[in-house]
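Asks: Residues in the sequence shown are numbered from 301 upward in steps of one, following this note's numbering.
All C-beta atoms, glycine included, are put in the ideal place defined by N, C-alpha and C.
Sharing a structure here in structure tokens format.
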Amino acid sequence: MKNTTLGIILILTVILTGYLISSSDTINSIGTNTITGNVINNNDLIQKVVLSEKDLNYYPQEIRVKANQPVSLSLDDKVKGCLRSFTIRDLGISKYLKAVTDTIEFTPTKKGTFVFSCSMGMGYGKLIVE
Ligand SMILES: [Cu+2]
């Protein structure tokens, strides 16, 4: 009798655990975006974008994000000089990201392609809002 009760509890625990794991996967997959290799994370709905530098320009030069979902953008330690002064003119964004932990937070509401650049326009790329 005791073994049966234990068995039932064990089975229920397994089912419940399985359910919890699968439901958290669902939450994760909602937050996950397949953005060209520059987006880490997503346990939440924030689209984290980390840009690097390659050949004196931003890398990657194309970022794809979803509209109406917050974006947190940062620059890694390869990004030097004026490239750290990140600008998306059409979105009214311009910020000097001094440290790798500095971020630009914004939520793109309009779909389309927006040019991003350094403050001088020397480094540039495209932000595609889908
Ligand atoms: Cu520049």
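Flag this pair as yes or no: are the beta carbons of serine 374 and aspartate 402 separated by less than 8 Å?
Replies: Within the sequence shown, residue 374 is the residue found at index 74, counting from 1. Within the sequence shown, residue 402 is the residue found at index 102, counting from 1. Yes, the pair counts as a contact, with Cβ atoms nearer than the cut-off.
Asks: Which residues mark the beginning and the end of the beta strand (DSSP E) in which glutamate 405 is found?
Replies: Within the sequence shown, numbered from 1, the residue matching residue 405 stands at position 105. Unbroken beta strand (DSSP E) run through glutamate 405: 404-406.
Asks: Rounding to the nearest angstrom, what Cα-Cα distance links alanine 367 and proline 408 in this structure?
Replies: Indexing the sequence shown from 1 puts residue 367 at position 67. Indexing the sequence shown from 1 puts residue 408 at position 108. Whole-angstrom Cα-Cα distance: 5 Å.
Asks: Let's test the definition: count the other Cβ atoms within 10 Å of the Cβ of tyrosine 396 and tell me whether it reaches 16, buried, or not, exposed.
Replies: Within the sequence shown, the letter at position 96 stands for residue 396. Around the beta-carbon of tyrosine 396, fewer than 16 other beta-carbon atoms lie within 10 Å, marking it exposed.
Asks: Where in the stretch 353-380 do unbroken runs of the beta strand (DSSP E), each at least 3 residues long, occur, reported from the N-terminal end onward?
Replies: 357-359, 362-365 and 371-375
Asks: Nearest-angstrom Cα distance between glutamate 362 and glycine 421?
Replies: Numbered from its first residue, the sequence shown carries residue 362 at position 62. Numbered from its first residue, the sequence shown carries residue 421 at position 121. Rounded to the nearest angstrom, the two C-alpha atoms are 16 Å apart.
Asks: With DSSP run on the structure shown, which of helix, strand or coil describes glycine 397?
Replies: As a working mapping, residue 397 is identified with position 97 in the sequence shown. Note that residue 397 is leucine in the sequence shown here, rather than glycine. Here leucine 397 sits in coil by DSSP.
Asks: Does the Cβ-Cβ distance between valine 349 and aspartate 377 come in under 8 Å?
Replies: Taking the sequence shown and counting its residues from 1, the one referred to as residue 349 is at position 49. Taking the sequence shown and counting its residues from 1, the one referred to as residue 377 is at position 77. With contacts defined by Cβ atoms closer than 8 Å, valine 349 and aspartate 377 do not form a contacting pair.
Asks: Given that a residue counts as buried once 16 or more other Cβ atoms are within 10 Å of its Cβ, and exposed if not, what is threonine 387?
Replies: Here the question's residue 387 lines up with position 87 in the sequence shown. Buried: at least 16 other Cβ atoms inside 10 Å.
Asks: Grab the span of the beta strand (DSSP E) containing serine 417 for me, first residue to last.
Replies: Within the sequence shown, residue 417 is the residue found at index 117, counting from 1. Note, serine 417: beta strand (DSSP E), 412-418.
Asks: Grouping DSSP H, G and I as helix and E and B as strand, with all else coil, what is leucine 345?
Replies: Residue 345 sits at position 45 when you count from the first residue of the sequence shown. If DSSP states are grouped into helix, strand and coil, leucine 345 belongs with coil.
Asks: Considering only their Cβ atoms, is the gap separating leucine 383 from phenylalanine 406 smaller than 8 Å?
Replies: Within the sequence shown, the letter at position 106 stands for residue 406. Within the sequence shown, the letter at position 83 stands for residue 383. It is not a contact, given that the beta carbons lie outside the stated cut-off.
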